[in-house]
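One structure is given here, and the rest of the page talks about it.
There are 2 protein chains.
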Amino acid sequence: MPSDTVIPIEIDLITALEDRGLRKTATRSTIVARIETANDAFTAEQLCRDLPGVGRATVYRTIRHLVDAGALCKLPILDGAPMYSIARVEHHHHTICSKCGTIGEFRDSTVERVMRSLGKEIDGDIVGHRMEIFITCNRCLGISKSGASIA
Amino acid sequence: MPSDTVIPIEIDLITALEDRGLRKTATRSTIVARIETANDAFTAEQLCRDLPGVGRATVYRTIRHLVDAGALCKLPILDGAPMYSIARVEHHHHTICSKCGTIGEFRDSTVERVMRSLGKEIDGDIVGHRMEIFITCNRCLGISKSGASIA
DNA sequence: TACGTTTCTGATACTTGATATCAATACGCG
DNA sequence: CGCGTATTGATATCAAGTATCAGAAACGTA
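Line by line, the protein sequences give chains A and B.
Sequence positions in the first sequence follow the working numbering and run 1 to 151.
Sequence positions in the second sequence follow the working numbering and run 1001 to 1151.
Written as structure tokens, this is what we have:
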């Protein structure tokens, strides 16, 4: 039942930038449009490839701005270049398929509760946390265990 | 009471390499000695700097071998180059001071229990997990709140 | 111990991700 | 419209990490 708990809080990325005193430009709109239509996490290099008219420097700068604004979240990475996705939910964690690298999201209040109880054992003030669950996703399971319930 | 739960299982790193069919060489002994005397996590570049007689390629290769052998663990990173530390304990997580970047270790069975209960919500088979707690460490707290209980 | 095969080493060149520079351009307020 | 400031992007540069490959070292064997 609690499977579709991801609440898509649509953040207007351009607004997020403007709120930080940054100008609304054609280039930024292009980048942001590309990001907003992405369902999945992406790397900076992917954006560069998809937006050949836009300079690398600008892509990297814009991503940094969006992360600083809290509109993008820098995802855990298995290896290689960091990935980003729109920060749609208040606080969540990520699943990473160790076969195909696909990144998913989940939320669970238990994790947050554990964090609070952990406070006493930790040698300092907790300011945040991050959890990554490595999985073999259903699709990859379907591929290896040939004959499962995936198209 | 459960503060000193870190059990230092001394792993002989050279043995770990030999078990994988790799030769015992002077260079590897040098690298391993440096790693074994390190109390803290380190980066590949740090090793290169500390061992000027050893080639970069060899340092990087040896680290990879040790990680593959399970003798080193690749740590979560805040930003920049990945860090490594000796895999002393069976399973643990890391604290990262967001001021000074110092990495610490902790274990807590609650986290493992949560993982198990999380299984049903996750869209695949869980094969592992990783948790990072971002803190302001006591030392940094002592520096900012001048007059605290740290030397 | 000497030998030969195999592995290892490290200087170098290269790849890739990301940042710095800076002249030309675009924004947006008055 | 026109000006000051922010933005852009080609390019150079930086940094982490890998590929290459000739020479050196390990180690089983005799």
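Glycine residues also receive a C-beta, built at the ideal position from the N, C-alpha and C atoms.
Note that the structure is a prediction, hence the values are computed from the model and not measured.
Between the C-alpha atoms of residue i and residue j, what's the straight-line distance to the nearest angstrom?
i: residue 1116 of chain B; j: residue 1125 of chain B; result: 11 Å
i: residue 1102 of chain B; j: residue 138 of chain A; result: 37 Å
i: residue 1034 of chain B; j: residue 27 of chain A; result: 49 Å
i: residue 1154 of chain B; j: residue 1060 of chain B; result: Residue 1154 of chain B lies beyond the residue range present for chain B, which begins at 1001 and ends at 1151; the question has no answer from this structure.
i: residue 1107 of chain B; j: residue 1088 of chain B; result: 12 Å
i: residue 17 of chain A; j: residue 1045 of chain B; result: 36 Å
i: residue 1014 of chain B; j: residue 1100 of chain B; result: 32 Å
i: residue 1120 of chain B; j: residue 1113 of chain B; result: 13 Å
i: residue 1066 of chain B; j: residue 1039 of chain B; result: 17 Å
i: residue 12 of chain A; j: residue 1055 of chain B; result: 49 Å
i: residue 110 of chain A; j: residue 1129 of chain B; result: 15 Å
i: residue 47 of chain A; j: residue 1123 of chain B; result: 27 Å
i: residue 1064 of chain B; j: residue 1058 of chain B; result: 10 Å
i: residue 1069 of chain B; j: residue 1062 of chain B; result: 10 Å
i: residue 1019 of chain B; j: residue 134 of chain A; result: 27 Å
i: residue 73 of chain A; j: residue 104 of chain A; result: 13 Å
i: residue 1127 of chain B; j: residue 1118 of chain B; result: 12 Å
i: residue 1079 of chain B; j: residue 143 of chain A; result: 34 Å
i: residue 8 of chain A; j: residue 29 of chain A; result: For residue 8 of chain A, the predicted structure reports a pLDDT of 44, less than 50, and the residue's modelled location is therefore unreliable. A value from the coordinates is still provided. One C-alpha to the other measures close to 21 Å.
i: residue 37 of chain A; j: residue 1037 of chain B; result: 50 Å
i: residue 71 of chain A; j: residue 1071 of chain B; result: 38 Å
What residues from chain A crowd round residue i, counting only those whose CB sits closer than 9 Å?
i: residue 1118 of chain B; result: 106, 108, 110, 111 and 133
Going along chain B in order, which residues have a C-beta closer than 7 Å to the C-beta of residue i?
i: residue 138 of chain A; result: 1123 and 1124
i: residue 54 of chain A; result: Within 7 Å Cβ-Cβ: nothing; residue 54 of chain A doesn't reach chain B, min ~24 Å.
i: residue 141 of chain A; result: 1124 and 1125
Which residues in the same chain have their Cβ closer than 8 Å to the Cβ of residue i, if we skip the five residues on either side of it in sequence?
i: residue 132 of chain A; result: 76, 93, 94, 95 and 96
i: residue 21 of chain A; result: none
i: residue 42 of chain A; result: 35, 83, 84 and 85
i: residue 1091 of chain B; result: 1107 and 1112
i: residue 1024 of chain B; result: 1014, 1017 and 1018
i: residue 151 of chain A; result: Residue confidence is low: residue 151 of chain A scores 34 on pLDDT, short of 50, so the model does not pin down where it sits. Its coordinate-derived value is still stated next. Cβ neighbours of residue 151 of chain A beyond the five flanking positions: none.
By the criterion of Cβ-Cβ separation under 9 Å, what are the contact partners of residue i in chain B?
i: residue 234 of chain A; result: Given a span of 1 to 151 for chain A in the structure shown, any question on residue 234 of chain A remains unanswerable.
i: residue 25 of chain A; result: Residues of chain B passing the Cβ test: none, with the nearest at roughly 27 Å.
i: residue 95 of chain A; result: 1122, 1123, 1124 and 1126
For residue i, I'd like the list of residues in its chain whose CB is within less than 7 Å of its CB, leaving aside the five on either flank, ordered along the chain.
i: residue 136 of chain A; result: 97, 98 and 99
i: residue 1050 of chain B; result: 1034
i: residue 31 of chain A; result: 47, 51, 54, 59 and 62
Note down, in chain order, every chain B residue with its Cβ under 8 Å from the Cβ of residue i.
i: residue 59 of chain A; result: Chain B residues near residue 59 of chain A: none, gap ~18 Å exceeds 8 Å.
i: residue 114 of chain A; result: 1108, 1110, 1111 and 1114
Residue i touches chain A at which residues, Cβ-Cβ below 7 Å?
i: residue 1098 of chain B; result: 127
In chain order, what residues of the same chain have a beta carbon less than 6 Å from the beta carbon of residue i, not counting five sequence neighbours either side?
i: residue 1003 of chain B; result: Per-residue confidence for residue 1003 of chain B stands at a pLDDT of 38, beneath the threshold of 50, marking its modelled position as unreliable; the derived number appears in the next sentence. Answer for residue 1003 of chain B: no residue qualifies.
field: Complete runs of the alpha helix (DSSP H) confined to the segment 1092-1127 of chain B [at least 4 residues]
entry: 1109-1118
- request: Scan the segment 1120-1131 of chain B for residues whose Cβ lies nearer than 8 Å to a Cβ of chain A and list them as they occur along the chain.
  value: 1121, 1122, 1123, 1124, 1125, 1126, 1127, 1128, 1129, 1130 and 1131
query: Where in the segment 1015-1085 of chain B do unbroken runs of the beta strand (DSSP E), each at least 3 residues long, occur, reported from the N-terminal end onward?
result: 1072-1075
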